[in-house]
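One structure below.
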Amino acid sequence: MDWDHPTDPKPGSWQLDHLRQYVETDGAEGHEWRGTRTLLLTTVGRVSGNPVRTPLIYGEADGRYLLVASKGGAPEHPLWYRNLSAHPEVRIQVGPEVMQGTARTATAEEQRAYWPVMVREWPAYDEYQAQTDRAIPIVVIEPVRAA
Numbered sequence: 825m826d827w828d829h830p831t832d833p834k835p836g837s838w839q840l841d842h843l844r845q846y847v848e849t850d851g852a853e854g855h856e857w858r859g860t861r862t863l864l865l866t867t868v869g870r871v872s873g874n875p876v877r878t879p880l881i882y883g884e885a886d887g888r889y890l891l892v893a894s895k896g897g898a899p900e901h902p903l904w905y906r907n908l909s910a911h912p913e914v915r916i917q918v919g920p921e922v923m924q925g926t927a928r929t930a931t932a933e934e935q936r937a938y939w940p941v942m943v944r945e946w947p948a949y950d951e952y953q954a955q956t957d958r959a960i961p962i963v964v965i966e967p968v969r970a971a
């Protein structure tokens, strides 16, 4: 897998501008975003098999990174979530640190514990959940840091 050459968001999107700023400054700009923190998630495309990179809000708990697959309350899961559901090996960049990890959907117990953590990071998650009939999953990433 060529993790170093992922597909990025479409040109002209705020996500691409955010991602480029993050990468060019090793997270010095972009990690802090609108009062919260973001990381760069690289998943393996479930159809293409190619790496795909997305900037996302994250939280932390128990030495793990947490993501919310909200897609703004849309009726379907975001593509990045569908990708990691098919291929759980991921790469994340948190500020200047880049690491591999394994992603999974939070258990029901973890979902209850981690939802308030993520709502503190981004209060609109409660609104997004109210907008959709699907249960918005939380993703847990177990990082593998280099020694």
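Numbering (my numbering), first residue to last: 825 to 971. Cβ atoms here follow ideal geometry from the backbone N, Cα and C, with glycine treated the same way.
Task: Alpha-carbon spacing of Q924 relative to A885, whole angstroms - done: Counting from 1 along the sequence shown, the entry for residue 924 is found at position 100. Counting from 1 along the sequence shown, the entry for residue 885 is found at position 61. The alpha-carbon atoms of Q924 and A885 are separated by roughly 17 angstroms.
Task: Three-way DSSP call (helix, strand, coil) for M942 in this model - done: By 1-based counting over the sequence shown, the position of residue 942 is 118. If DSSP states are grouped into helix, strand and coil, M942 belongs with the helices.
Open item on the list: Among the candidates T878, S909 and T926, whose CA atom is the shortest distance from the CA of K834?
Closed with: The residue labelled residue 834 in the question sits at position 10 within the sequence shown. With distances taken between Cα atoms, K834 lies closest to T878.
Task: Neighbour-count burial assignment, R944, 16 or more Cβ in a 10 Å radius - done: In the sequence shown, the residue the question calls residue 944 occupies position 120. Around the CB of R944, fewer than 16 other CB atoms lie within 10 Å, so the residue is classed as exposed.
Task: Residue(s) in a DSSP beta bridge with M923 - done: In the sequence shown, the residue the question calls residue 923 occupies position 99. M923 is bridged to I916.
Task: Cβ neighbour criterion (16 or more within 10 Å) applied to H855 - done: In the sequence shown, counting from the first residue as 1, residue 855 sits at position 31. With 16 or more Cβ atoms within 10 Å of its Cβ, H855 is classed as buried.
- [ ] Could you pull out every residue in the same chain whose Cβ sits closer than 8 angstroms to the Cβ of D967, ignoring the five residues on either side in sequence?
- [x] Counted from its first residue, the sequence shown places residue 967 at position 143. Looking at the sequence provided, one finds Pro at residue 967 rather than Asp. Hits under 8 angstroms: G887, R888, Y889, I916, M923, Q924 and G925.
Open item on the list: Measuring straight from C-alpha to C-alpha, what distance separates N874 and Y905?
Closed with: The residue you call residue 874 lines up with position 50 of the sequence shown. The residue you call residue 905 lines up with position 81 of the sequence shown. Cα to Cα, N874 sits roughly 15 angstroms from Y905.
- [ ] Kindly indicate which residue of L865, D957 and A930 has the alpha-carbon position closest to the one of N907.
- [x] Position 83 of the sequence shown holds residue 907. It is L865 whose Cα lies nearest to the Cα of N907.
Task: Same chain only: Cβ atoms within 6 angstroms of Q955, ignoring 5 sequence neighbours per side - done: Position 131 of the sequence shown, counted from the start, is the residue given in the question as residue 955. Beyond the five residues adjoining it in sequence on each side, Q955 comes within less than 6 angstroms, by CB distance, of G897 in the same chain, given in chain order.
Open item on the list: I'd like the span of the alpha helix (DSSP H) that includes V847, first residue to last.
Closed with: Stepping through the sequence shown from its first residue, residue 847 is reached at position 23. Residues W838 to E848.
TODO: Could you pull out every residue in the same chain whose Cβ sits closer than 7 angstroms to the Cβ of L880, ignoring the five residues on either side in sequence?
DONE: Position 56 of the sequence shown holds residue 880. Closer than 7 angstroms at the Cβ level, and outside the excluded window around L880, lie T862, L863, L865 and L891.
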